[in-house]
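Asks:
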Amino acid sequence: MRIVVLDGYTLNPGDNPWTAVDALGDLAVHPRTPAAEVMERAKGADILLTNKVRLTEEIINALPDLKFISVLATGYDVVDIRAAAARGIPVSNVPGYGTNAVAQHVFAMLLEMYRRVSDHAQSVRAGQWTGNKDWCYWNSTQLDLTGKTMGLVGFGNISRRVAEIALAFGMRVQAHVPRPKPHPGYENFSFCDLETLFATSDVISLHCPLTPENKGFVNAERIASMPAGAILINTARGPLVDEEAAARALHAGTLGGLCTDVTSVEPVPADNPLLTAPNCLITPHLAWGTLTARETLMRVTAQNIQAFLSGNAQNVVNAHLL
């Protein structure tokens, strides 16, 4: 079996070898693949692995040898799963590998916004403490998480872990889901509608997939409904948030802060309005990328391939279409 990886660099920049995948076939790894070269590099592949390289209907139909696609991520919107299903090609993903990593990143950003640790550490290096008349100081109001309300849009694996951490900090947690889910049994937890969540949460964290229906759903109206000083966190998908509206609200001070690991276009273009907005933390889509998470991603990817080769494909996201 010929296995082709179209964009393997982020999974293995040098510290996470392809050994387990290499053992399963004739492996070719491309660190990155421009759109113009996808067809040529994918030609002759029985199995394709992709992270962010798009596999459209046109590309899938032009690859007669293709038998299986495994996405090097949980989200699989880069693959036309219907076109794959029409060809009888299962598409697998890797669910849950980044649950801890992403949940921890949510709180890394939130604590930075509430406590401004890096700003104060830099001020000490600049001499502000050395020459201070007092034994302590702060350049911004220090806030507690305890007693605040965390609102979660979506309630999958990552969102559940965020809820557990929030509860450990003494926060109240409420979540919105499009379809009813069983109560997880947590104290100080409830489900609510989206309008209530935005109107009553001190911190809102997005944990939902991007769909045509929810693109830009965090718009000017929703942002305006949030409590004064509220923080919005996005580790899901950039297009969920209307970035122009968020930037205006940050400049106006009606949105307390925005922490985002994703943007509508990635890498972020120089004219993205969030780059010049105050109280905005942007990280380069790295929430998922701890070494532990990437090792899990590599291991489960190999398991996905092995399961397919054994005739019992797992983690198939288009099974309902096959």
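Mapping of the sequence shown onto full-length UniProt numbering: position 227 corresponds to residue 227, and the numbering continues sequentially without gaps.
Idealized CB from N, CA, C, for every residue including glycine.
#1: Find the nearest neighbour of A319 within the set H183, L258, P180, A84, judged by alpha-carbon distance.
#2: Going by CA-CA distance only, name the one from M298, D271, V78 that's closest to residue 403.
#3: With DSSP run on the structure shown, which of helix, strand or coil describes V241?
#4: Beta-carbon within less than 6 Å of G154's beta-carbon, same chain only, minus the 5 sequence neighbours each way: which residues are those?
#5: Ignore the nearest five residues each way along the sequence and tell me which others in Q174's own chain have a CB closer than 8 Å to its CB.
#6: List the residues that DSSP assigns as beta-bridge partners of N234.
#7: Once DSSP output is grouped into helix, strand and coil, what is the label at D119?
#8: Can you give me the start and stop residues for the alpha helix (DSSP H) that T200 sits inside?
#9: For L72 and A287, what's the separation of their Cα atoms in angstroms?
#10: For N100 versus Y76, is the C-beta distance shorter than 8 Å?
#11: Between the C-alpha atoms of A238 and N214, what's the straight-line distance to the nearest angstrom?
#12: With DSSP as the reference, label A270 as helix, strand or coil.
#13: Count the CB pairs spanning the segment 229 to 238 and the segment 248 to 267 that are closer than 8 Å, and state whether there are at least three.
#14: From which residue to which residue does the beta strand (DSSP E) around S70 run?
#15: Quick one: grab the DSSP three-state call for A20.
#16: Please report the residue range of the alpha helix (DSSP H) in which A85 lies.
#17: For R172, count the other beta carbons within 10 Å of its own beta carbon; 16 or more makes it buried, fewer makes it exposed. Which is it?
#18: Tell me which residue opens and which closes the beta strand (DSSP E) that L297 is part of.
#19: Could you have a look at R32 and say whether DSSP puts it in helix, strand or coil?
#20: Roughly how many angstroms separate the alpha carbons of G96 and F169, rounded to a whole number?
#21: By how many angstroms is the C-alpha of T146 removed from the C-alpha of Q104?
#22: Is the beta carbon of V265 sitting closer than 8 Å to the one on T235?
#23: Our contact map puts M109 next to L281 with C-beta atoms below 8 Å; I'd like the distance itself, whole angstroms only.
#24: On the criterion of 16 or more Cβ atoms from any shown chain inside 10 Å, does T301 qualify as buried, or is it exposed?
#25: Report all residues from its chain with a CB closer than 7 Å to the CB of V102; omit the five preceding and five following residues, and keep chain order.
#26: From which residue to which residue does the beta strand (DSSP E) around V316 run?
#27: Using the DSSP secondary-structure output, state which residues sit across from T50 in a beta bridge.
#28: Helix, strand or coil for R125 per DSSP?
#29: Name the DSSP bridge partner or partners of A175?
#30: L309 to G216, Cα distance in whole Å?
#31: Rounded to a whole number of angstroms, what is the C-alpha to C-alpha distance between N312 and K67?
#32: I'd like to check one pair, P90 with V268: are the Cβ atoms closer than 8 Å?
#33: When DSSP labels each residue in this structure, what does L250 get in the three-state scheme?
Replies: Put simply:
#1: A84
#2: Any answer about residue 403 is impossible in this case: the structure gives the chain only from 1 up to 322.
#3: strand
#4: H207, C208
#5: T149, M150, G151, L152, F189, S190, F191, C192, T196, L197, T200, S201
#6: DSSP output for N234 lists L206, T260 as bridge partner(s).
#7: helix
#8: 194 to 200
#9: 15 Å
#10: no
#11: Going by the sequence as given, residue 238 is Gly instead of Ala. Their Cα atoms are separated by approximately 11 Å.
#12: coil
#13: yes
#14: Counting along the chain, S70 sits inside the beta strand (DSSP E) bounded by residues 68 to 71.
#15: In the structure shown, A20 adopts helical secondary structure according to DSSP, grouped into three states.
#16: 81 to 86
#17: buried
#18: No beta strand (DSSP E) holds L297; the alpha helix (DSSP H) holding it covers 291 to 309.
#19: Note: R32 maps to coil in three-state DSSP.
#20: Computed Cα separation, rounded: 23 Å.
#21: 17 Å
#22: no
#23: With a Cβ gap of about 5 Å, M109 and L281 count as contacting.
#24: buried
#25: I158, T235, A287, W288
#26: Per DSSP, V316 belongs to no beta strand (DSSP E) and is neither H nor E.
#27: V71
#28: In the three-state reduction of the DSSP assignment, R125 falls in the helix class, which pools H, G and I.
#29: Answer is L152, F191, bridged to A175.
#30: 40 Å
#31: 13 Å
#32: no
#33: Look at L250 here: in three-state DSSP terms it is helix.
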